[in-house]
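Taken in sequence, the protein lines are chains D and U.
All residue numbers for the first sequence refer to my numbering, where the first residue is 697 and numbers rise by one.
All residue numbers for the second sequence refer to my numbering, where the first residue is 697 and numbers rise by one.
Here a beta-carbon is modelled for each residue, glycine too, at the ideal position from N, C-alpha and C.
All of these numbers come straight from a predicted model, not from anything done at the bench.
There are 2 protein chains.
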Amino acid sequence: MQEYAEMYRKELVDNVLPFWLQNSRDDRNGGFFTCLDRTGKVFDTDKFMWLQGREVWCFSYMYHNVSAEKSWLDMALHGAAFMEKFGRDQSGNWYFSLTAEGKPLVQPYNIFSDCFAAMAFAALDKVQPSDKYKEIAVSTFNNILERQHDWKGVYNKAYPGTRPLKGFSLPMILCNLSLEMEHLLGSEKVNELAPVVIHEVMNVFYQPEHGLILENVNPDGSFSNSFEGRLMNPGHTIEAMWFIMDLGRRLQDEALVKKACDIMLRTLEYGWDKEYGGIFYFLDLLGHPTQQLEWDQKLWWVHVETLVALAKGYTYTGDERCLQWFHKVHAYTWTHFKDQQYGEWFGYLNRRGEVLLNLKGGKWKGCFHVPRALYQVWNTLKADNI
Amino acid sequence: MQEYAEMYRKELVDNVLPFWLQNSRDDRNGGFFTCLDRTGKVFDTDKFMWLQGREVWCFSYMYHNVSAEKSWLDMALHGAAFMEKFGRDQSGNWYFSLTAEGKPLVQPYNIFSDCFAAMAFAALDKVQPSDKYKEIAVSTFNNILERQHDWKGVYNKAYPGTRPLKGFSLPMILCNLSLEMEHLLGSEKVNELAPVVIHEVMNVFYQPEHGLILENVNPDGSFSNSFEGRLMNPGHTIEAMWFIMDLGRRLQDEALVKKACDIMLRTLEYGWDKEYGGIFYFLDLLGHPTQQLEWDQKLWWVHVETLVALAKGYTYTGDERCLQWFHKVHAYTWTHFKDQQYGEWFGYLNRRGEVLLNLKGGKWKGCFHVPRALYQVWNTLKADNI
């Protein structure tokens, strides 16, 4: 395990963080470019607020947890200044995207921009305490809670009442976000929120008869036999399970940690491609064709989040199955996603594991899952934890 | 050519139309099921208005142009009754989807539901003239013209003014729709509309320096260096070019027919996958990674519409390149898309031409492109035309 730990640490500090430091900073307009080709060259200049927030979070977090490198803090401050200046509409909702110069391009239709903005300013406030950062983080968080049951607002295309499904993404992210913001929200608030989101994830979205979690369920948690209702996203479940394991540790609830570890392993078994290796992006619970044409692709975040979940599962519960799976997923991931020639990792592979999009960052891939996972695996496996 | 013509006719009347007749009719609720697995079994019961309209159009059209089979007219009337009863909101906009029973599921965010509804009732009115069908077709058509410049309405996520791109889809469909509705709109209206849509397609969206058509351009037709602006959809352009060739024939404009044929051939050359064969779904004009993860997949409609365009190009202009390409695309399409074991054709293949989704119909594939293309190729190539 110590060899793994060192390998993940080295990849984080020698390859991945330097790639973003060197290639993503927009010195002219502020903020970050995230559409970077294989070599790190910018191929599109639009700025997606999700990814601006995630990169601010990442450099703040690494400065706090890995090493107080001045260039990392500078990078976080650089991104935060751009976000603060251009990122929000008049009601404080975060736009989905801006032009390079900061003009709004796409409206705040997506509450996950707000989630990562809150996470960014909360993390930055930890390393550079400021009333302004605190205010942005907390007011954004409160806005998320207010909007959580109808966050699509006018952009919601569902006809009211016919099939009122609930989505898994927001409760899942709130698990992680409440822990990330505990220093601002206070332990009491986290103690109050935690049981609610844990109940949503582990009871409402979890389907006991299958032992699996669905992306969309009826309001009472029952199965909806529709495209949305049958949809499974194994990587999403697996990532949520490490959030839950962390929450379980925070609440000293060993049974919860064990339950999350079991669901994670069952999902991995279910989502693993027995023919070509790797984890499918989407599956249909009943085995029907999915709506998503990209269902059989292998995505970076799915695989690196699985490595985190397996490392945590093994360290927290000692379950040997986690160790066996870790070896297997590690081998697949490092062989297929890590670029042996240029910096950072590929994001999108086809079912056979061949590179599908020749990029290191884009509209959805930024400076987030790879560095966070490298840190989490390293930090979980290093000597003093086992 | 006569052998081809007979092959396409036989596939239409012996395989494809019977498949939909046997499997898609919902006798309990009315309307059509379109989510059909490889064997024709229903795997999802939602009703997508696009596909309801397209199937009504198809059976009306075949009744009118191929043979007055009572079962075909019955099928069209059966679908039209369901559409008429449940398909529209109070303003006459067509919903995107309904439950099996006809309850609205997804709001009328998509004007293409309206386009295919207008086309359906216009075609049905040709074979079963009725003031009611005429009224639905014409009022829907007028509503499309009224909404055409802001058809996304409240569902538009673009921030006003920053990057006001125009999309290719609607002008392209209006080329075809105005011809399909000529008996209701009158020749004068078509003569008035035609130059406008032809100008849009052949001047605004066409980029002379590349000789290609883009999916989205600035309002003045210039290139926008953005994900949307760089996007090419070769199948879309090729399909539009046979609409333009038909309009060119209708207007007796030989130069227009020839120009459309040239653009079609250039697009096919550009979009053809030199490694595995078949036509790519999406490409980026500058060769950057696309947003669309499904960019390298091979889709049924792209290939069958290309066969139509090549047959028309050859018949209308005599260009030998059309004939050479026809042999090649025909061989790829019939080998990879036609199911040798069960009825109808596969819809979605991966880059290598292997079946990606084991379905014959779904949310976007219904009773439309395959039968229309089989009819068009047969009708274009048959003896009396050449």
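Could you check whether U/Asn914 and U/Ser920 sit closer than 7 Å to each other, using their CB atoms as the reference points?
Within the second sequence, residue 920 of chain U is the residue found at index 224, counting from 1. Within the second sequence, residue 914 of chain U is the residue found at index 218, counting from 1. Between U/Ser920 and U/Asn914, the gap from beta carbon to beta carbon is short of 7 Å.
Between U/Gln1037, U/Tyr1038, U/Asn1054 and U/Gly1039, which has its C-alpha nearest U/Leu1045's C-alpha?
Within the second sequence, residue 1045 of chain U is the residue found at index 349, counting from 1. That would be U/Asn1054, whose Cα lies nearest to the Cα of U/Leu1045.
Mind checking U/Lys970: buried by the 16 CB within 10 Å criterion, or exposed?
Translated into positions along the second sequence, residue 970 of chain U becomes position 274. Per the 10 Å Cβ criterion, exposed.
When DSSP builds the beta bridges, which residues end up paired with U/Met928?
Counted from its first residue, the second sequence places residue 928 of chain U at position 232. In DSSP, U/Met928 forms a bridge with U/Leu979.
Whole-number beta carbon distance between D/Tyr1071 and D/Met771, since they are thought to touch under 8 Å:
What you label residue 771 of chain D is simply residue 75 of the first sequence in a count that begins at 1. What you label residue 1071 of chain D is simply residue 375 of the first sequence in a count that begins at 1. D/Met771 to D/Tyr1071, Cβ: 16 Å. No contact.
DSSP puts D/Cys731 in a beta bridge; with which residues?
Taking the first sequence and counting its residues from 1, the one referred to as residue 731 of chain D is at position 35. Looking at the DSSP assignment, D/Cys731 forms a beta bridge with D/Asp740.
When we look at the beta-carbon of D/Val998 and count the other beta-carbons within 10 Å, is it buried (16 or more) or exposed?
On the first sequence, position 302 is the one that residue 998 of chain D refers to. Buried, since its Cβ has 16 or more Cβ neighbours within 10 Å.
So U/Ile807 packs on U/Phe817, CB below 8 Å; how close in whole Å?
Locating residue 807 of chain U in the second sequence gives position 111, counting from the first residue. Locating residue 817 of chain U in the second sequence gives position 121, counting from the first residue. That pair is no contact at about 16 Å.
Whole angstroms is fine: what's the gap from U/Tyr851's alpha carbon to D/Tyr855's?
On the second sequence, residue 851 of chain U is found 155 positions in, with the first residue counted as 1. On the first sequence, residue 855 of chain D is found 159 positions in, with the first residue counted as 1. Whole-angstrom Cα-Cα distance: 13 Å.
Residue span of the alpha helix (DSSP H) that contains U/Lys830, given as start and end
Position 134 of the second sequence holds residue 830 of chain U. Element bounds for U/Lys830: Asp827 to Arg843.
Per DSSP, cross-strand counterpart(s) of U/Ser793:
Translated into positions along the second sequence, residue 793 of chain U becomes position 97. DSSP lists U/Phe744 and U/Val802 as partners of U/Ser793.
Could you have a look at U/Val913 and say whether DSSP puts it in helix, strand or coil?
Here residue 913 of chain U refers to the residue found at position 217 when the second sequence is read from its first residue. It is a strand residue.
Closest residue to U/Gly788 among U/Arg721, U/Ser809, U/Pro891 and U/Val1000 (Cα-Cα distance):
One-based indexing of the second sequence puts residue 788 of chain U at position 92. Ranking the options by Cα distance to U/Gly788, first place goes to U/Ser809.
To the nearest angstrom, how far is the alpha carbon of U/Cys811 from that of U/Val752?
For the purposes of this step, residue 811 of chain U is taken as residue 115 along the second sequence, with counting starting at 1. For the purposes of this step, residue 752 of chain U is taken as residue 56 along the second sequence, with counting starting at 1. Cα-Cα distance, rounded: 13 Å.
In the stretch 902-924 of chain U, which residues sit with their C-beta less than 7 Å from some C-beta in chain D, listed in chain order?
Contact residues of the stretch 902-924 of chain U toward chain D are Ser922 and Phe923 (C-beta to C-beta distance below 7 Å).
Under 8 Å: do the stretch 928-937 of chain D and the stretch 958-969 of chain D share three or more Cβ pairs, one atom per stretch?
yes
D/Gly1039 and D/Lys1061: beta carbons closer than 7 Å?
Here residue 1039 of chain D is taken as the residue at index 343 of the first sequence, counted from 1. Here residue 1061 of chain D is taken as the residue at index 365 of the first sequence, counted from 1. Not in contact: D/Gly1039 and D/Lys1061 (Cβ atoms no closer than 7 Å).
Under 7 Å between C-beta atoms of D/Glu896 and D/Asn912:
Counted from its first residue, the first sequence places residue 896 of chain D at position 200. Counted from its first residue, the first sequence places residue 912 of chain D at position 216. Contact flag unset, no.
Residues of chain D with CB closer than 9 Å to the CB of U/Pro860, please, in chain order.
Translated into the one-based positions of the second sequence, residue 860 of chain U becomes position 164. Residues of chain D passing the Cβ test: none, with the nearest at roughly 11 Å.
Closer than 7 Å at the beta carbon, the chain D residues around U/Trp1028
Start at 1 with the first residue of the second sequence, and residue 1028 of chain U comes out as number 332. The question names Trp, yet the displayed sequence has Tyr at residue 1028 of chain U. What U/Tyr1028 touches in chain D: nothing, since even the nearest Cβ is about 19 Å away.
For the stretch 923-972 of chain U, list the alpha helix (DSSP H) runs that are entirely contained and at least 4 residues long, ordered along the chain.
923-926, 930-946 and 950-967
What separation, rounded to the nearest whole angstrom, lies between the Cα atoms of D/Pro714 and D/Asn1075?
Residue 714 of chain D sits at position 18 when you count from the first residue of the first sequence. Residue 1075 of chain D sits at position 379 when you count from the first residue of the first sequence. Using only the alpha carbons, I get a separation of about 19 Å.
Taking just the CA atoms, how far does U/Lys706 sit from D/Leu732?
Here the question's residue 732 of chain D lines up with position 36 in the first sequence. Here the question's residue 706 of chain U lines up with position 10 in the second sequence. For D/Leu732 and U/Lys706, the distance between alpha carbons rounds to 51 Å.
Tell me which residue opens and which closes the alpha helix (DSSP H) that D/Leu1055 is part of.
In the first sequence, residue 1055 of chain D corresponds to position 359, counting from 1. Per DSSP, D/Leu1055 belongs to no alpha helix (DSSP H); it is in the beta strand (DSSP E), Leu1055 to Gly1057.
Name the two residues that bound the continuous alpha helix (DSSP H) containing U/Thr1002.
By one-based count along the second sequence, residue 1002 of chain U stands at place 306. Element bounds for U/Thr1002: Trp996 to Thr1013.
Less than 8 Å between the CB atoms is what I'm expecting for U/Val823 and U/Ser883, so what's the real figure, rounded?
Here residue 823 of chain U is taken as the residue at index 127 of the second sequence, counted from 1. Here residue 883 of chain U is taken as the residue at index 187 of the second sequence, counted from 1. In fact, because the Cβ distance is near 21 Å, the residues do not count as touching under 8 Å.
Distance between U/Arg843 and U/Gly849 (C-alpha atoms, nearest Å)
Residue mapping note: residue 849 of chain U aligns to position 153 of the second sequence, counting from 1. Residue mapping note: residue 843 of chain U aligns to position 147 of the second sequence, counting from 1. So the alpha carbons of these two residues sit roughly 8 Å apart.
Determine the closest residue to D/Tyr1010 out of D/Ala814, D/Ala956 and D/Leu881, with distance taken between C-alpha atoms.
Taking the first residue of the first sequence as position 1, residue 1010 of chain D is located at position 314. Considering only alpha carbons, the answer is D/Ala956.
Closer than 8 Å by C-beta to D/His906: which residues in its own chain qualify, once you throw out the five before and the five after it? Chain order, please.
The residue given as residue 906 of chain D occupies position 210 in the first sequence. Within the same chain, D/His906 has close Cβ partners Leu981.
State buried or exposed for D/Glu699, treating a residue as buried only when at least 16 other CB atoms are found within 10 Å of its CB.
The residue you call residue 699 of chain D lines up with position 3 of the first sequence. Exposed: under 16 other Cβ atoms inside 10 Å.
Name the chain D residues that come within less than 8 Å of U/His1023, Cβ to Cβ?
Residue mapping note: residue 1023 of chain U aligns to position 327 of the second sequence, counting from 1. Among the residues of chain D, none has a CB under 8 Å from the CB of U/His1023; the nearest is roughly 29 Å distant.
If you run the structure through DSSP and keep just helix, strand and coil, what is D/Trp1030?
Against the first sequence, residue 1030 of chain D aligns to sequence position 334. Note: D/Trp1030 maps to helix in three-state DSSP.
Beta-carbon separation of D/Gly1049 and D/Gly974 under 7 Å?
Looking up residue 1049 of chain D in the first sequence gives position 353. Looking up residue 974 of chain D in the first sequence gives position 278. Contact flag set, yes.
Establish whether the CB of D/Pro800 and some CB of chain U are separated by less than 7 Å.
Taking the first sequence and counting its residues from 1, the one referred to as residue 800 of chain D is at position 104. Closer than 7 Å to some Cβ of chain U, the Cβ of D/Pro800 qualifies, so yes.
Members of the stretch 778-811 of chain U that neighbour chain D once the beta carbon cut-off is set at 8 Å:
Tyr791, Phe792, Thr795, Lys799, Pro800, Leu801, Val802, Gln803 and Tyr805
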